[in-house]
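Novice: Structure incoming, see below.
2 protein chains.
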Amino acid sequence: MHYGYFNGTIAPTDQLAVGVTDLSLLRGYGLFDYFLTYNGRPFQWDWYWERFQNSAMRMHLPLPLGKAETYAVVMKLIEQGGGSDVGVRFILTGGYSADSISIEKPNLLILTEPIHATSASQYEQGIKVILDEYVREMAEVKSTDYKRVILLAQAIRAAGASDVLYQKGGEISELSRSNFFLVKGSQLITPSRNILHGITRRLVMQLAQSDFEVIERPVLLSDLYDAEEAFTTSSTKKVLPITQVGDLTIGDGKVGPKAKFLLEQVDELISNW
Amino acid sequence: MHYGYFNGTIAPTDQLAVGVTDLSLLRGYGLFDYFLTYNGRPFQWDWYWERFQNSAMRMHLPLPLGKAETYAVVMKLIEQGGGSDVGVRFILTGGYSADSISIEKPNLLILTEPIHATSASQYEQGIKVILDEYVREMAEVKSTDYKRVILLAQAIRAAGASDVLYQKGGEISELSRSNFFLVKGSQLITPSRNILHGITRRLVMQLAQSDFEVIERPVLLSDLYDAEEAFTTSSTKKVLPITQVGDLTIGDGKVGPKAKFLLEQVDELISNW
Numbered sequence: 001m002h003y004g005y006f007n008g009t010i011a012p013t014d015q016l017a018v019g020v021t022d023l024s025l026l027r028g029y030g031l032f033d034y035f036l037t038y039n040g041r042p043f044q045w046d047w048y049w050e051r052f053q054n055s056a057m058r059m060h061l062p063l064p065l066g067k068a069e070t071y072a073v074v075m076k077l078i079e080q081g082g083g084s085d086v087g088v089r090f091i092l093t094g095g096y097s098a099d100s101i102s103i104e105k106p107n108l109l110i111l112t113e114p115i116h117a118t119s120a121s122q123y124e125q126g127i128k129v130i131l132d133e134y135v136r137e138m139a140e141v142k143s144t145d146y147k148r149v150i151l152l153a154q155a156i157r158a159a160g161a162s163d164v165l166y167q168k169g170g171e172i173s174e175l176s177r178s179n180f181f182l183v184k185g186s187q188l189i190t191p192s193r194n195i196l197h198g199i200t201r202r203l204v205m206q207l208a209q210s211d212f213e214v215i216e217r218p219v220l221l222s223d224l225y226d227a228e229e230a231f232t233t234s235s236t237k238k239v240l241p242i243t244q245v246g247d248l249t250i251g252d253g254k255v256g257p258k259a260k261f262l263l264e265q266v267d268e269l270i271s272n273w
Numbered sequence: 001m002h003y004g005y006f007n008g009t010i011a012p013t014d015q016l017a018v019g020v021t022d023l024s025l026l027r028g029y030g031l032f033d034y035f036l037t038y039n040g041r042p043f044q045w046d047w048y049w050e051r052f053q054n055s056a057m058r059m060h061l062p063l064p065l066g067k068a069e070t071y072a073v074v075m076k077l078i079e080q081g082g083g084s085d086v087g088v089r090f091i092l093t094g095g096y097s098a099d100s101i102s103i104e105k106p107n108l109l110i111l112t113e114p115i116h117a118t119s120a121s122q123y124e125q126g127i128k129v130i131l132d133e134y135v136r137e138m139a140e141v142k143s144t145d146y147k148r149v150i151l152l153a154q155a156i157r158a159a160g161a162s163d164v165l166y167q168k169g170g171e172i173s174e175l176s177r178s179n180f181f182l183v184k185g186s187q188l189i190t191p192s193r194n195i196l197h198g199i200t201r202r203l204v205m206q207l208a209q210s211d212f213e214v215i216e217r218p219v220l221l222s223d224l225y226d227a228e229e230a231f232t233t234s235s236t237k238k239v240l241p242i243t244q245v246g247d248l249t250i251g252d253g254k255v256g257p258k259a260k261f262l263l264e265q266v267d268e269l270i271s272n273w
């Protein structure tokens, strides 16, 4: 069983509920973060906390708990849940509002969840994504606004794809919930703007330093044509190869050695966590 | 005391709560509608229902209740609340989701609320709005996405303004939660696109037919310079004069006779409802 924390109370997640005057429900006003624990310890905790804090500041929501208090809550939830590898979701909402629009005091939820791991066959075969002309509002803030990909769910399924790759005016930004990378020779290229700064993106860029020339720059649709490999990064997907973008096959359409190599690097780091 | 309905249960609104795997909380996926009741009867019910149904369809959420069933719930809530003039809010969310992203079954909330009426002094003096370069995503759908105006709350207050008027590339669309009108001579002009099709907008356009030339067209910032009057419409604001947009004074800066006339028309319709 998984446990969650809501404004001071710890309870089984399925018993937690938020009152109906919360601004996340009324006005879509909320942000979140999500990370995994390995061997009972939050992975890259400092980086996630920094990002969560930054999202909260950008959305004018004071954090009800400090870093050390939050860490203590997370550890308690993990212990009570009795598992060591879980997903942890922070949700910070605009809170209850008497006039349905003004922020009074944010609500903080900390939830542990089962990890929805990426399947072995997806790592072996790579995934297909479809393109969508879109750029996230305030992309650098991890707000809860994921309307776009939910609206596209049917189109993604119909195309036999797993996700969507956003581009606007020919410039690629990110997938719906993960970052985007291309490999060209010894260059590892990733979009520099209109993106959420993923923790796994940051980790992969760091791990790749010694073997690649790592480049952050605007990435164009035309960059897809001469890329040898493409992949996406996120905490749950780690390094997941993309072998098809819409009708375009990336490289030879097979999972390439460089994505594999970087996945191994990430997996090694995790196994020693 | 106000009552609400949630998936078949009626309870005092402050006792209703939504579980934490709801997609409105996790992913900002929800839509709503809002109307008033006068003399115990929902005002312009048919029009509101039509819009609610349209929003639900556009967001791929099947409605759990039909029109007649919903009307019966609304009437029950009004009776139990013991008041005749209340606000009624429908909220339809993506519902509980096992994987935190896929729609399974929407959650429907119907809440009665106290009406936050516009003050007499605002009708007498008109309001100030500030400009913001923005256009709502899927503007014609009444989604719960109001992040923008909540983020701007401090800027609005600092400017001594009441709300924000959205424009993009010089084209005006709407205020954060209401529509926009200009008066030029006998012309009543309102933006034709990138807007939510307001019920009060529709009502005012209908009431104005016999006294104005009613024009829906793209409205530019430059249209503000030779406008004699401006006003905004919504169910709670009815016809509320706008006397200042940023640093620009509209007309002579006073509430004009045509906005007053249209407000009287709306008030008359309401008093006979």
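Residue numbers (the UniProt record's numbering), protein chains in the order written: chain A, 1 to 273; chain B, 1 to 273.
C-beta atoms are modelled at their ideal positions from N, C-alpha and C, and glycine is treated no differently.
Applying a beta-carbon distance threshold of less than 9 Å, which residues of chain A neighbour Met-59 (chain B)?
Specialist: Here the neighbours are Lys-147, Ile-150, Leu-151.
Novice: Go ahead and pull the three-state DSSP assignment for Ala-68 (chain B).
Specialist: It is helical.
Novice: Which residues share a DSSP beta bridge with Gln-167 (chain A)?
Specialist: DSSP lists A:Glu-133, A:Ile-172 as partners of Gln-167 (chain A).
Novice: Alpha carbon to alpha carbon, how far is Tyr-146 (chain A) from Trp-49 (chain A)? Give it in angstroms, no decimals.
Specialist: Each residue's Cα considered, the two are about 21 Å apart.
Novice: How is Gly-81 (chain A) classed by DSSP in three states: helix, strand or coil?
Specialist: In this structure, Gly-81 (chain A) counts as helix in the three-state DSSP scheme.
Novice: Would you verify that the beta carbon of residue 280 (chain A) is, or is not, closer than 9 Å to some beta carbon of chain B?
Specialist: Missing from the structure shown is residue 280 (chain A); chain A here goes from 1 to 273 and no further.
Novice: Near Asp-99 (chain B), which residues of its chain fall below 8 Å by C-beta distance, leaving aside the five closest residues on each side in sequence?
Specialist: Once the five neighbours on either side are set aside, Asp-99 (chain B) has no close Cβ partner at all.
Novice: Do Tyr-3 (chain A) and Thr-112 (chain A) have their beta-carbon atoms positioned less than 9 Å apart in this structure?
Specialist: Against a cut-off of 9 Å, the Cβ pair of Tyr-3 (chain A) and Thr-112 (chain A) comes out as a contact.
Novice: Check each residue of the stretch 25 to 37 of chain A: if its Cβ is closer than 8 Å to any Cβ of chain B, include it; give the result in chain order.
Specialist: Residues Leu-25, Leu-26, Arg-27, Gly-28, Tyr-29, Gly-30, Phe-32.
Novice: Does any CB atom of chain B fall closer than 9 Å to the CB of Phe-52 (chain A)?
Specialist: Cβ-Cβ to chain B under 9 Å: no for Phe-52 (chain A).
Novice: Would you call the stretch 41 to 56 of chain B in contact with the stretch 30 to 43 of chain A, where contact means no fewer than 3 C-beta pairs closer than 8 Å?
Specialist: The stretch 41 to 56 of chain B, when compared against the stretch 30 to 43 of chain A, does not touch it at the 8 Å Cβ threshold.
Novice: Going by DSSP in three states, Leu-196 (chain B) sits in which element: helix, strand or coil?
Specialist: Leu-196 (chain B) falls in the coil class under three-state DSSP.
Novice: Are there three or more Cβ pairs, one per stretch, closer than 8 Å when the stretch 66 to 84 of chain A is compared with the stretch 23 to 31 of chain A?
Specialist: Too few Cβ pairs lie closer than 8 Å, so no.
Novice: Would you mind reading off the limits of the beta strand (DSSP E) that contains Leu-240 (chain A)?
Specialist: Taken as a continuous stretch (DSSP letters only), the beta strand (DSSP E) holding Leu-240 (chain A) covers 238 to 245.
Novice: Need the endpoints of the beta strand (DSSP E) that Arg-217 (chain A) sits in, please.
Specialist: Residues 213 to 217.
Novice: Please state the DSSP three-state secondary structure of Glu-268 (chain A).
Specialist: Glu-268 (chain A): helix per DSSP, three-state reduction.
Novice: So His-116 (chain B) contacts chain A; which residues on that side make the cut at Cβ distance below 7 Å?
Specialist: Going along chain A in sequence order, the residues near His-116 (chain B) (Cβ under 7 Å) are Asp-99.
Novice: Can you find a CB in chain A that lies within less than 9 Å of the CB of Leu-91 (chain B)?
Specialist: Contrary to the premise, residue 91 (chain B) reads as Ile rather than Leu in this sequence. Closer than 9 Å: yes.
Novice: What are the boundary residues of the beta strand (DSSP E) that Ala-17 (chain B) is part of?
Specialist: Its beta strand (DSSP E) spans residues 17 to 19.
Novice: Are any of the Cβ atoms in chain A nearer than 9 Å to that of Glu-140 (chain B)?
Specialist: Closer than 9 Å: no.
Novice: Should Asp-252 (chain B) be flagged as near chain A, meaning a C-beta pair shorter than 9 Å?
Specialist: False, the Cβ-Cβ gap to chain A never drops below 9 Å.
Novice: Please return the same chain residues whose Cβ sits closer than 7 Å to the Cβ of Lys-184 (chain B), not counting the five positions on each side in sequence.
Specialist: Result list for Lys-184 (chain B): Asp-226, Ala-227, Glu-228, in chain order.
Novice: What residues in the stretch 102 to 129 of chain B bring their beta carbon closer than 8 Å to a beta carbon of chain A?
Specialist: Taking 8 Å as the Cβ-Cβ cut-off against chain A, the residues of the stretch 102 to 129 of chain B that qualify are Ser-102, Ile-103, Leu-109, Leu-111, Glu-113, His-116.
Novice: I'd like the span of the alpha helix (DSSP H) that includes Val-149 (chain B), first residue to last.
Specialist: Its alpha helix (DSSP H) spans residues 147 to 151.
Novice: Please confirm whether Val-73 (chain A) has its beta-carbon closer than 9 Å to some beta-carbon of chain B.
Specialist: Chain B, which has no Cβ nearer than 9 Å to the Cβ of Val-73 (chain A), makes this no.
Novice: Which residues of chain B have a Cβ atom closer than 8 Å to the Cβ of Ser-55 (chain A), listed in chain order?
Specialist: Near Ser-55 (chain A) there are no residues of chain B at all, since even the closest Cβ is about 12 Å away, more than 8 Å.
Novice: Which chain B residues are close to Gly-4 (chain A), counting only those with a beta carbon under 9 Å from its beta carbon?
Specialist: Those within 9 Å of Gly-4 (chain A) in chain B are Val-20.
Novice: Are the C-beta of Glu-137 (chain A) and some C-beta of chain B separated by less than 9 Å?
Specialist: Yes, Glu-137 (chain A) lies at the interface with chain B (some Cβ there is under 9 Å from its Cβ).
Novice: Measuring CB to CB, does Tyr-96 (chain A) end up less than 9 Å from Thr-144 (chain A)?
Specialist: Against a cut-off of 9 Å, the Cβ pair of Thr-144 (chain A) and Tyr-96 (chain A) comes out as no contact.
Novice: Which runs of the beta strand (DSSP E) spanning at least 3 residues fall entirely within the stretch 96 to 124 of chain B, listed in chain order?
Specialist: Entirely contained in the stretch 96 to 124 of chain B, the beta strand (DSSP E) runs reaching 3 residues are, in chain order, 105 to 113.
Novice: Taking 8 Å as the limit between beta carbons, can you name the residues of its chain near Pro-191 (chain A), skipping five residues before and five after?
Specialist: Correct list, in chain order: Glu-171, Ile-172, Ser-173, Glu-174, Asn-179, Phe-180, Glu-216, Arg-217, Pro-218, Val-219.
Novice: Quick check: is the beta carbon of Asp-14 (chain B) nearer than 9 Å to any beta carbon in chain A?
Specialist: It does; some Cβ of chain A falls within 9 Å.
Novice: Helix or strand or just coil, what does DSSP make of Glu-140 (chain A)?
Specialist: In the structure shown, Glu-140 (chain A) sits in coil (DSSP, three-state: anything other than H, G, I, E or B).
Novice: Flag Leu-23 (chain A) as yes if its beta-carbon sits less than 9 Å from any beta-carbon of chain B, otherwise no.
Specialist: So, interface residue.
Novice: Going by DSSP, what residue range makes up the alpha helix (DSSP H) through Asn-54 (chain B)?
Specialist: Asn-54 (chain B) -> alpha helix (DSSP H) spans 45 to 58.
Novice: Can you check DSSP and say which residues form a bridge with Tyr-5 (chain B)?
Specialist: Answer is B:Ile-10, B:Ile-110, bridged to Tyr-5 (chain B).
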